[in-house]
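Numbering (the numbering used here), first residue to last: 31 to 549. Beta carbons: idealized from backbone N, C-alpha and C, even for Gly. Encoded as structure tokens, the structure appears first; notes follow it.
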């Protein structure tokens, strides 16, 4: 009697699955047809719309390269950030950064799933969909954190150098954009000294976003610039060659367009950044375009398994076997210089390292093939449990830390990172001078890392996951360069102050790495 029932289950399941898909297909097809008819009737295809050309002649605006940037301090510049200040026309990667870094991996995954649908939607509806998925239920404080610590780095790397030079040459700068104001305002005002930012406002309830646009709707640039300036037009307007930007720049006294060939080749070099990015947060190394984000999600299961294997290798196997197996797993460890091996005064050698990740002491031990005691200012309980070497957490009390370091130096070799915190960028932070007062046998070690997918450091995330994220990278690398012992006459025993010793070692390490000293 149960056989017919079982036989009917599968057809019912198929029916329940297929029916919604058919309905969705019909709706999408109908939407695409309506959108196509709107585009056709609006004269989007200029080749087939002679009436549009005759009644609405399109003015030709000069390229931005022809704009003279000298003597503009009394002028006002108006432009957009999307496709103008930024070289990329799509804003999807920046929504993905907010979704992943401010929200969660699940929010980022839903945004990725929406990317095929976004291809068939018009601009306004596409923007509303991305806003809803990215911001629905997101806390205001999370958006503020991402806006200050994550997005500026990616914005700077994607700046159009020609637009940037024109913008900073002007005395007054106003940006009009249809993307959410909260995503770009902090960067524009802090890094580019923009006076005013007009963008789409988001609806909030308490300390959370609803994912909806405020009652004012998506910002329309030519309406916004008309309301903001009134009869007094801005001196310079910058837009793209798209016909959508022409109503906007036509309201300016002088109008210039950014051509596509200019956006792909004009990259702002790091040395010309208006403000150096010493600290930034977030896990993602790459700009998360749809294809790059899809690659990341496909790699995640492999990366997690690979990280577990690498952790096991590092904890339980001898150093020589560890190096061999880690190399087979895709990791690259490069050692430069030679180890002094022993101390001349009977005490341990103090290794002074640059601080790139929490794994610095471990990779130094593996490179030297001997155990060291590591002292650190911040270490999670999980990292202490998993660490295959002895670790000591400092208290930031100078007297207590000095006593602890002296005791461990009398027992053997010690490794310390006097920067106190990790730094991802090519800078060395100010060194604490405490280590210089405790040892005369000092060996500077320049350490650097290279990753392609995930950063192994974070300020706002879980510190215990930092090593895991580093080991999840497909081909992470560590470079360990031993610079040799500091001459005795350049230590405190030779009459130098602890600050002089610390500053000398900082400069020595920075020169070896090609970094810049800060502090």
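| Check | Outcome |
| --- | --- |
| At a cut of 8 Å, does the segment 460-472 reach the segment 296-305 through at least three beta carbon pairs? | no |
| My assumption, with CB atoms under 8 Å, is that residue 500 sits in contact with residue 481. Please give the rounded CB distance. | 7 Å |
| Are the CB atoms of residue 216 and residue 178 within a distance shorter than 8 Å? | yes |
| Under the three-state reduction of DSSP, which class applies to residue 344: helix, strand or coil? | helix |
| Taking a contact to mean a Cβ-Cβ separation below 8 Å, would you say residue 364 touches residue 243 in this structure? | no |
| Looking at the structure shown, is residue 332 part of a helix, part of a strand, or coil, going by DSSP? | helix |
| Starting from the C-beta of residue 285, find all residues in its chain whose C-beta is less than 6 Å away, skip the five residues before and the five after it, and write them out in chain order. | 91, 267, 279 |
| Can you give, in chain order, each stretch of the beta strand (DSSP E) that sits fully within the segment 463-543 and has at least 3 residues? | 472-480, 507-512 |
| Using 8 Å as the threshold, is the segment 388-397 in touch with the segment 341-360, meaning 3 or more CB pairs across them? | yes |
| For residue 549, tell me which candidate among 308, 542, 108 has the shortest Cα-Cα distance. | 308 |
| Which residues bound the alpha helix (DSSP H) around residue 396? | 390-398 |
| Alpha carbon to alpha carbon, what distance is there between residue 329 and residue 361? | 16 Å |
| DSSP state of residue 419, grouped into three classes? | coil |
| Go ahead and label residue 103 buried or exposed: buried means 16 or more other beta carbons lie within 10 angstroms of its beta carbon, across all protein chains shown. | exposed |
| Is the Cβ-Cβ distance between residue 367 and residue 514 less than 8 Å? | yes |
| Considering only the alpha carbon of each residue, which of 125, 536, 326 lies closest to residue 449? | 536 |
| Distance, Cα to Cα, residue 153 vs residue 259? | 25 Å |
| Give every residue of the same chain whose Cβ lies closer than 7 Å to the Cβ of residue 425, excluding the five residues on either side of it in the sequence, and list them in chain order. | 431 |
| Just curious, the beta strand (DSSP E) that residue 303 is in, first and last residue? | That residue, residue 303, is in no beta strand (DSSP E); it is neither H nor E in DSSP. |
| May I ask which residues mark the beginning and end of the beta strand (DSSP E) holding residue 266? | 266-270 |
| Going straight from the alpha carbon of residue 402 to that of residue 349, what length do you get? | 13 Å |
| In chain order, which alpha helix (DSSP H) runs of at least 4 residues are fully inside the segment 80-136? | 80-85, 122-127 |
| Can you give me the start and stop residues for the beta strand (DSSP E) that residue 241 sits inside? | 238-243 |
| Buried or exposed: which applies to residue 34, given that a residue is buried once 16 or more other Cβ atoms fall within 10 Å of its Cβ? | With a pLDDT of 43 at residue 34, under the threshold of 50, the predicted position of this residue should be treated as unreliable, and no value is reported. |
| Could you pull out every residue in the same chain whose Cβ sits closer than 6 Å to the Cβ of residue 9, ignoring the five residues on either side in sequence? | For residue 9 there is no data in the structure shown, the boundaries of the chain being 31 and 549. |
| With 16 as the cutoff for other CB atoms within 10 Å, does residue 173 come out buried or exposed? | buried |
| Taking the continuous beta strand (DSSP E) assigned at residue 233, which residues delimit it? | 232-235 |
| How is the alpha helix (DSSP H) around residue 319 delimited, first residue to last? | No alpha helix (DSSP H) holds residue 319; DSSP gives it neither H nor E. |
| CB-CB under 6 Å to residue 16, same chain, minus the five flanking residues each way: which ones, in chain order? | Residue 16 falls outside the range modelled here, since the chain spans only 31 to 549, and no answer is possible. |
| Report yes if the CB atom of residue 516 is closer than 8 Å to the CB atom of residue 443, and no otherwise. | no |
| According to the neighbour-count rule (16 or more other Cβ atoms, all chains shown, within 10 Å of its Cβ), is residue 335 buried or exposed? | exposed |
| Nearest to residue 245 by alpha carbon, out of 236, 251, 230? | 230 |
| By Cβ distance below 6 Å, which residues in the same chain neighbour residue 106 in space, the five residues on each side in sequence not counted? | 202, 264, 265 |
| Mapping DSSP to helix, strand and coil, what is residue 356? | helix |
| Sorted by chain position, which residues of the same chain lie with C-beta nearer than 7 Å to residue 356's C-beta, five sequence neighbours on each side aside? | 340, 343, 363 |
| Excluding the five sequence neighbours on either side, which residues of its own chain have a C-beta within less than 6 Å of the C-beta of residue 498, listed in chain order? | 337 |
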